[in-house]
Amino acid sequence: MNVIEYIKKLFVLFFALNVYTVNAQDSIFYDDGTLRSISIEVNSNESKQITFYKNGNKSAEETLKDGKLDGLCIYYFPEGSLKAKETWQNDILHGEATYYYENGQIDKTGVFDQGLYSGSWKHYHQNGNPERIVNYVNGLPEGGWKVYNEKGVLIQEGQYVKGMEEGVWFFYTDKGQLEFKGEYKSGERVGNWYYYDKKGRETKLKPGEY
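Structure (structure tokens):
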């Protein structure tokens, strides 16, 4: 939907409901005269701001309270597809959020807590298959970590403690065959690391080889 069609719908809806007051002075234009953004006053402390790309497609729909992002905000790619849905509170990401690829598939979805990743976040490949599920505590990965390729094959698994790799980690080829194995301590590779060839034969790696 281009900018003219969108504004027409806004005005019809807002005046029909007699809820919003449109302040034309809040409109901003590009140098070529194309509309860049428009602010719609909801009440004395809340407004909606809609911004546009130069091609006329929407760039964002944002909710502001007292001049700060607060509530649901929606963002778009230049060609018009959905890019992100975020929940804001007092200018800080706080609440549910979902991000998308340009093909419409979900990239990742989860919850922010005062600007930090919190709880379970789900990540996906562009074909829709899961890539990884990560648990976050205070914005840092915590607990089990598994990564899958686009075909759903496990290619990496290990453990995070306070945002750092910990314990034994396993790395697999795109066909799911074990390729490397070794140990982390506080995010650093320690101890013995091993390589496995296509026949599964184990080779101990020398320092500097891993």
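Read in order, the letters of the sequence shown are residues -24 to -1, 1 to 186 in mature numbering (1 follows the signal peptide of the UniProt record, and there is no 0).
Ideal Cβ positions, reconstructed from N, Cα and C, are used throughout, including at glycine.
Collapsed DSSP secondary structure at ASP173 in the structure displayed: In the sequence shown, the residue the question calls residue 173 occupies position 197. Three-state DSSP puts ASP173 in coil, outside helix and strand.
Alpha-carbon spacing of PHE146 relative to GLY95, whole angstroms: Here residue 146 refers to the residue found at position 170 when the sequence shown is read from its first residue. Here residue 95 refers to the residue found at position 119 when the sequence shown is read from its first residue. Distance between the alpha carbons of PHE146 and GLY95 is about 24 Å.
C-beta neighbour in chain C for SER23, strict 8 Å: No chain C appears in this structure, which consists of one protein chain only.
Among LYS61, LYS41, GLY47, GLU17, nearest to SER35 - alpha-carbon criterion: The count along the sequence shown starts at 1 and reaches residue 35 at position 59. The candidate whose alpha carbon is nearest that of SER35 is LYS61.
Beta-carbon spacing of residue 264, TRP169 below 8 Å: No information on residue 264 is available, as it lies outside the stretch -24 to 186 that the chain covers here.
Pick from VAL18, GLU38, GLU55 that is closest to TRP64, judged by C-alpha positions: Counted from its first residue, the sequence shown places residue 64 at position 88. Answer by Cα proximity: GLU38.
DSSP three-state assignment for ASP7, whether helix, strand or coil: In the sequence shown, counting from the first residue as 1, residue 7 sits at position 31. The answer is coil: DSSP assigns ASP7 none of H, G, I, E or B.
DSSP-derived helix/strand/coil call for ASP46: By 1-based counting over the sequence shown, the position of residue 46 is 70. Of the three classes helix, strand and coil, the one that applies to ASP46 here is coil, per DSSP.
Distance between ILE109 and ILE14 (C-alpha atoms, nearest Å): Here the question's residue 14 lines up with position 38 in the sequence shown. Here the question's residue 109 lines up with position 133 in the sequence shown. C-alpha separation (whole angstroms): 38 Å.
Rounded straight-line distance, which links the Cα of ASN19 to that of TYR(-5): Taking the sequence shown and counting its residues from 1, the one referred to as residue -5 is at position 20. Taking the sequence shown and counting its residues from 1, the one referred to as residue 19 is at position 43. Caution applies to TYR(-5), whose pLDDT of 44 falls short of 50 and renders its modelled position unreliable; the model cannot decide the point.
Spatially closest choice to GLU133 from SER162, LEU48, GLY158, ASP83, by CA coordinates: Taking the sequence shown and counting its residues from 1, one reaches residue 133 at position 157. Comparing Cα positions, the closest option is GLY158.
Coil, strand or helix - ASP67 by DSSP: Translated into positions along the sequence shown, residue 67 becomes position 91. Reduced to three states, the DSSP call for ASP67 is coil.
DSSP state of ASP83 mapped onto helix, strand, coil: Against the sequence shown, residue 83 aligns to sequence position 107. The answer is strand: DSSP assigns ASP83 an E or B state.
Distance between GLU118 and VAL166 (C-alpha atoms, nearest Å): Counting from 1 along the sequence shown, the entry for residue 166 is found at position 190. Counting from 1 along the sequence shown, the entry for residue 118 is found at position 142. About 20 Å.
N- and C-terminal bounds of the beta strand (DSSP E) containing THR27: Taking the first residue of the sequence shown as 1, we reach residue 27 at position 51. From DSSP, the beta strand (DSSP E) with THR27 extends over 22 to 28.
Which residues DSSP lists as bridging LEU92, in chain order: Within the sequence shown, numbered from 1, the residue matching residue 92 stands at position 116. ASP89.
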